[in-house]
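Participant: Quick one: the structure is below, and I'll ask about it shortly.
There are 2 protein chains.
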Amino acid sequence: MNKQKISIHEVARLAGVSKSTVSRVISDKGGSVSPETLERVQKAIEQLGYRRNIVAAGLRTQKTYMVLVMIPDVANPFWSEIARAVQDTLEPEGYSVVIGSTYWSEERESRYYELAQMARFDGVILNSVTDNIDKIKSLGVPAVLIGERTAAQDIDTVGTDTLQATRIGMEYLYETGHRKIALATSDHGSERYLSLRARAYKDFLHEKGLPFDPALLFSVNLDAEGGQALARQLLSLQNWAARVDSLFCGNDIVAISAMNELRKYGIIAGIDLSIIGMDDIPASSQTYPPLTTVRKPRERIGVSAAQVLLKRMCDPLGPVEKHLFPGELAVRDSVIDRRGTR
Amino acid sequence: MNKQKISIHEVARLAGVSKSTVSRVISDKGGSVSPETLERVQKAIEQLGYRRNIVAAGLRTQKTYMVLVMIPDVANPFWSEIARAVQDTLEPEGYSVVIGSTYWSEERESRYYELAQMARFDGVILNSVTDNIDKIKSLGVPAVLIGERTAAQDIDTVGTDTLQATRIGMEYLYETGHRKIALATSDHGSERYLSLRARAYKDFLHEKGLPFDPALLFSVNLDAEGGQALARQLLSLQNWAARVDSLFCGNDIVAISAMNELRKYGIIAGIDLSIIGMDDIPASSQTYPPLTTVRKPRERIGVSAAQVLLKRMCDPLGPVEKHLFPGELAVRDSVIDRRGTR
DNA sequence: GTTCATATTGGGATCGTTCCCATAATGAGT
DNA sequence: ACTCATTATGGGAACGATCCCAATATGAAC
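Those protein sequence lines, which keep their order, are chains A and B. Following the working numbering from start to finish, the first sequence increments by one per residue and tops out at 348. Following the working numbering from start to finish, the second sequence increments by one per residue and tops out at 348.
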């Protein structure tokens, strides 16, 4: 039973020095200590099994060595991979990472803001549901935003380049011979994405001299139900087979779900219709056919967000950083190569 | 710029009371305060925008309101769902949850043990890679183990009932008319599972009077490569089609991967061969055909682990608790109904 | 009016560190 | 031998809360 805790005092007494000296030894701030004293103190620490209490130390130094990562859902692979990357780069620097799931709820988000204001965290990395920039600024701790926010001018931001990611998907479809491309995206919750995607889509069509058919711009929820709805909407389109040769989905969940739903009507992705997704979630390589998609650089986003935060915590007044990483094509089997047959 | 922080002192001064009184107001311990004073203090708090510093409070009260969840990998849906359930039950009680990914490495595990000893956490929930029970006990904080550990007699444990989970999978195969069942499991890392699964498998065969063919007990890594290896091992078995009618895989990743690999040889799960998995990861419902599998009660495990920890933190000396939750069948399309054709 | 219980408040001490300043010791430079 | 810098150490005061105990006021009971 090692129940009573040993503090710096016990160590000091055993080593026959003052607590100040022990403090110099354990906090590697490089205060000068003679070699003999150093050894005596270290031996005492060893002997007593002393552990430094960082919480107590933090009270004086105003550092908690804790960082909050606020994301919509830990159990969503997209976010958990970002969280993992953040952890993997922050922990070697001595930080502990708390992951908060907001479940897209403002109320839960507020609760984390509360926590952050109780002097709990040295920094925050977040994907806010709301665009409440003032709230973030009033936190009083360094913050890094994940996602593409035009509103947040003076806050560090890390995210995917949606315009480019949409574009390379479109380009791939075009190169493989597709000329009648439908786009499925969401119009609520995160309108900012819709506008960016739809814009990239229209721009691309215009650039290639392709006609824009408003009926081919589908708006669905970005979940499995949305994918089923999408499939049915597509099929109910008059003379659909002549009007669309490919479907660009807002995310992989929608793409996979649409693929499965379409199969029920005998339409096989990669044979009868081309389908391309966005994100590259783990399941996408395991579907049949494996889904061609645009991979979002989750790991780079997480690592970069952590690095930016690290920098910001050292220098709160440095220049604001904005990092947008490109998506990359994950070519699999759900897109038909129409180059020969056109 | 609200940079200077307000403490209990400032509030006390503004309200014209002592800090003791302010403390009584903010810590709802029910010390007696007159209504007028209460109001004055609350007004002062409001006015100054005061936030209680829980870290400082914790120094005195020896509570950090932080809990560590140590699991192999946050980005693995199996574990992240457990972590989410833990968070969802602990946060309403005022705790913050730190998730640590060990990546199955003892070294990383040790690093978290270090952290836990620095008076950082009030409790720990963990799935240890090693079976180092002594280390857990010497942590000095309440701990709850996730998984099935026979070794850990006097530590709270929460997990899946592997014997039962294997059994209901076997039973389902038997009921649907299968008599030549192969089992694929792992033999390194977590031998405890192998022994339990293989035992349940053999017991079941014996009980039903079915012969045990050692060649049908495959040992593979429980990852995607393992699934491919499994498919090839199965096909290289002499006269395999006559010897096996169904394949029970150690987890869904192996099952899905094997399913995909087998398709390359023209063998379709659910038509030519029955395949059943274990875990029910999100991808399993999205494969083609959707995978029949035994669902592990991830959420119940997480919630229960959190509840047991909560109880343990209140009463460190209470009786040790052991909870094993049953798996349940997720019937989809990868198992053939052979009842008519036998 | 005295005594006693109860409600309310304030004043340190305390939790385990770090930080600042004072002091002592050492040795080099003149 | 006398200053002066440098190194090594100790002694308190912080950090921001809680907690214990004492002090005062209030009112009821005798």
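Heads up, the beta-carbon is just placed ideally off N, CA and C, and yes, glycines get one too.
Span of the beta strand (DSSP E) holding A:LEU223?
Facilitator: What you label residue 223 of chain A is simply residue 217 of the first sequence in a count that begins at 1. Element bounds for A:LEU223: 223-225.
Participant: Sorted by chain position, which residues of the same chain lie with C-beta nearer than 6 angstroms to A:LYS328's C-beta, five sequence neighbours on each side aside?
Facilitator: Counting from 1 along the first sequence, the entry for residue 328 of chain A is found at position 322. The beta carbon of A:LYS328 is closer than 6 angstroms to those of THR163 in its chain, skipping five residues each way along the sequence.
Participant: Quick check on the burial criterion: 16 or more other C-beta atoms within 10 angstroms. Buried or exposed for A:TRP110?
Facilitator: To locate residue 110 of chain A, count along the first sequence from 1; it is residue 104. Classification of A:TRP110: exposed, given that the 10 Å Cβ count is below 16.
Participant: Looking at B:ILE12: is its Cβ nearer than 9 angstroms to the Cβ of B:LEU54?
Facilitator: For the purposes of this step, residue 12 of chain B is identified with residue 6 of the second sequence, where counting begins at 1. For the purposes of this step, residue 54 of chain B is identified with residue 48 of the second sequence, where counting begins at 1. Cβ distance < 9 angstroms, so B:ILE12 and B:LEU54 count as in contact.
Participant: Can you have a look at A:VAL337 and say buried or exposed, based on whether 16 or more other CB atoms are within 10 angstroms of its CB?
Facilitator: Taking the first residue of the first sequence as 1, we reach residue 337 of chain A at position 331. Exposed.
Participant: For the candidate residues A:GLY175, A:GLY256 and A:TRP246, whose alpha-carbon lies nearest to that of A:GLY233?
Facilitator: Locating residue 233 of chain A in the first sequence gives position 227, counting from the first residue. Considering only alpha carbons, the answer is A:GLY256.
Participant: Taking the C-alpha atoms as reference points, what is the distance between B:ARG90 and A:PRO83?
Facilitator: Residue mapping note: residue 90 of chain B aligns to position 84 of the second sequence, counting from 1. Residue mapping note: residue 83 of chain A aligns to position 77 of the first sequence, counting from 1. Take the alpha-carbon of B:ARG90 and the one of A:PRO83: they are about 12 angstroms apart.
Participant: Determine the DSSP secondary structure at A:LEU243, reduced to helix, strand or coil.
Facilitator: Reading the first sequence from its first residue, position 237 is the one you call residue 243 of chain A. If DSSP states are grouped into helix, strand and coil, A:LEU243 belongs with coil.
Participant: From A:VAL130 to A:ARG345, what distance separates their C-alpha atoms?
Facilitator: For this step, residue 130 of chain A is matched to residue 124 along the first sequence. For this step, residue 345 of chain A is matched to residue 339 along the first sequence. Taking the straight line joining both Cα atoms gives about 49 angstroms.
Participant: Is B:THR168 close to chain A? Criterion is C-beta to C-beta, closer than 9 angstroms.
Facilitator: The residue given as residue 168 of chain B occupies position 162 in the second sequence. Chain A, which has no Cβ nearer than 9 angstroms to the Cβ of B:THR168, makes this no.
Participant: Drop a sphere of 10 angstroms on the beta-carbon of A:LEU241, count the other beta-carbons inside from all chains shown, and report buried for 16 or more, exposed for fewer.
Facilitator: Counting from one through the first sequence, the residue named residue 241 of chain A turns up at place 235. Exposed: under 16 other Cβ atoms inside 10 Å.
Participant: Check whether the Cβ of B:LEU54 lies closer than 9 angstroms to any Cβ atom in chain A.
Facilitator: Numbered from its first residue, the second sequence carries residue 54 of chain B at position 48. B:LEU54 does not count as touching chain A.
Participant: So if DSSP puts A:CYS255 in a beta bridge, which residue, or which two residues, is it bridged to?
Facilitator: Counted from its first residue, the first sequence places residue 255 of chain A at position 249. A:ALA190, per the DSSP bridge assignment.
Participant: Tell me, please, whether the CB atom of A:LYS11 is closer than 9 angstroms to any CB atom in chain B?
Facilitator: In the first sequence, residue 11 of chain A corresponds to position 5, counting from 1. True, the Cβ-Cβ gap to chain B drops below 9 angstroms.
Participant: Check the DSSP bridge columns for A:ILE274 and list the partner residues they point to.
Facilitator: As a first step, residue 274 of chain A is located in the first sequence; it is residue number 268 there, counting from the start. Looking at the DSSP assignment, A:ILE274 forms no beta bridge with any residue, so it has no partner.
Participant: Between the stretch 58-79 of chain B and chain A, which residues of the former have a C-beta closer than 7 angstroms to a C-beta of the latter?
Facilitator: With the criterion set as a beta carbon lying under 7 angstroms from some beta carbon of chain A, the members of the stretch 58-79 of chain B are ARG58, ASN59, ILE60, VAL61, ALA62, GLY64, LEU65 and THR70, in sequence order.
Participant: Give every residue of the same chain whose Cβ lies closer than 8 angstroms to the Cβ of B:ASP128, excluding the five residues on either side of it in the sequence, and list them in chain order.
Facilitator: Residue numbering aside, residue 128 of chain B sits at position 122 when the second sequence is read from its first letter. Contacts found: LYS69, THR70, TYR71, MET72, VAL73, TYR101, VAL147, PRO148 and MET319.
Participant: Tell me, which residues are paired with A:LYS208 by DSSP?
Facilitator: Against the first sequence, residue 208 of chain A aligns to sequence position 202. None; A:LYS208 has no bridge partner.
Participant: May I ask which residues mark the beginning and end of the beta strand (DSSP E) holding B:ARG46?
Facilitator: Within the second sequence, the letter at position 40 stands for residue 46 of chain B. For B:ARG46, there is no enclosing beta strand (DSSP E); the enclosing alpha helix (DSSP H) has its first and last residue at 41-54.
Participant: Output, in sequence order along the chain, the residues in the stretch 250-282 of chain A whose CB is closer than 8 angstroms to any CB in chain B.
Facilitator: ILE262, SER263, ASN266 and ARG269
Participant: In chain B, which residues lie less than 9 angstroms from A:ARG185 when you measure between Cβ atoms?
Facilitator: In the first sequence, residue 185 of chain A corresponds to position 179, counting from 1. What A:ARG185 touches in chain B: nothing, since even the nearest Cβ is about 28 angstroms away.
Participant: List the endpoints of the continuous beta strand (DSSP E) containing A:LEU121.
Facilitator: Working through the first sequence from its first residue, we reach residue 121 of chain A at position 115. Taken as a continuous stretch (DSSP letters only), A:LEU121 belongs to no beta strand (DSSP E), being part of the alpha helix (DSSP H) at 112-121.
Participant: With DSSP collapsed to three states, give me the class of B:GLY283.
Facilitator: Here residue 283 of chain B corresponds to residue number 277 of the second sequence, with the count starting at 1. In the structure shown, B:GLY283 sits in a strand (DSSP, three-state: E or B).
Participant: Applying the 10 Å Cβ sphere with the 16-neighbour rule, what's the burial state of B:PRO303?
Facilitator: On the second sequence, position 297 is the one that residue 303 of chain B refers to. Label assigned to B:PRO303: buried.
Participant: Taking only beta-carbon positions, decide if B:GLY195 is within less than 9 angstroms of chain A.
Facilitator: Counting from one through the second sequence, the residue named residue 195 of chain B turns up at place 189. With a pLDDT of 49 at B:GLY195, under the threshold of 50, the predicted position of this residue should be treated as unreliable, though the coordinate-derived value follows. Not an interface residue.
Participant: CA-CA distance, B:ALA50 and B:ALA81?
Facilitator: Translated into the one-based positions of the second sequence, residue 50 of chain B becomes position 44. Translated into the one-based positions of the second sequence, residue 81 of chain B becomes position 75. Looking at the two C-alpha atoms, the distance is approximately 45 angstroms.
Participant: So if DSSP puts B:ARG301 in a beta bridge, which residue, or which two residues, is it bridged to?
Facilitator: Residue numbering aside, residue 301 of chain B sits at position 295 when the second sequence is read from its first letter. Its beta-bridge partners are B:ASP285 and B:GLU334.
Participant: Quick check: B:PHE63 and A:ASN59, are their CB atoms within less than 9 angstroms of each other?
Facilitator: As a first step, residue 63 of chain B must be located in the second sequence, where it is residue number 57. As a first step, residue 59 of chain A must be located in the first sequence, where it is residue number 53. Looking at the sequence provided, one finds Ala at residue 63 of chain B rather than Phe. Not a contact, by the Cβ cut-off of 9 angstroms.
Participant: Let me confirm a value: B:HIS184 is counted as buried when at least 16 other C-beta atoms fall within 10 Å, else exposed. Which label applies?
Facilitator: Within the second sequence, residue 184 of chain B is the residue found at index 178, counting from 1. Counting Cβ neighbours within 10 Å, B:HIS184 comes out buried, since at least 16 surround it.
Participant: Below 8 angstroms on the Cβ atoms is my guess for B:PRO288 versus B:SER340; work out the distance and round it to an integer in Å.
Facilitator: The residue you call residue 288 of chain B lines up with position 282 of the second sequence. The residue you call residue 340 of chain B lines up with position 334 of the second sequence. About 16 angstroms; that fails the 8 angstroms criterion.
Participant: Does B:THR293 come within less than 9 angstroms of chain A when only Cβ atoms are used?
Facilitator: Within the second sequence, residue 293 of chain B is the residue found at index 287, counting from 1. Yes, because at least one Cβ of chain A sits closer than 9 angstroms to the Cβ of B:THR293.
Participant: Could you give the distance in angstroms between the alpha-carbon of B:GLY195 and the alpha-carbon of B:VAL61?
Facilitator: As a working note, residue 195 of chain B is residue 189 in the second sequence. As a working note, residue 61 of chain B is residue 55 in the second sequence. With a pLDDT of only 49 at B:GLY195, under 50, the local geometry of the prediction cannot be trusted, and the value read off the model is given with reservation. Answer to the nearest angstrom: the Cα atoms are 39 angstroms apart.
Participant: Does the beta-carbon of B:VAL314 have 16 or more other beta-carbons within 10 angstroms, so that it is buried, or is it exposed?
Facilitator: Translated into positions along the second sequence, residue 314 of chain B becomes position 308. Buried, because 16 or more other Cβ atoms sit within 10 Å of the Cβ of B:VAL314.
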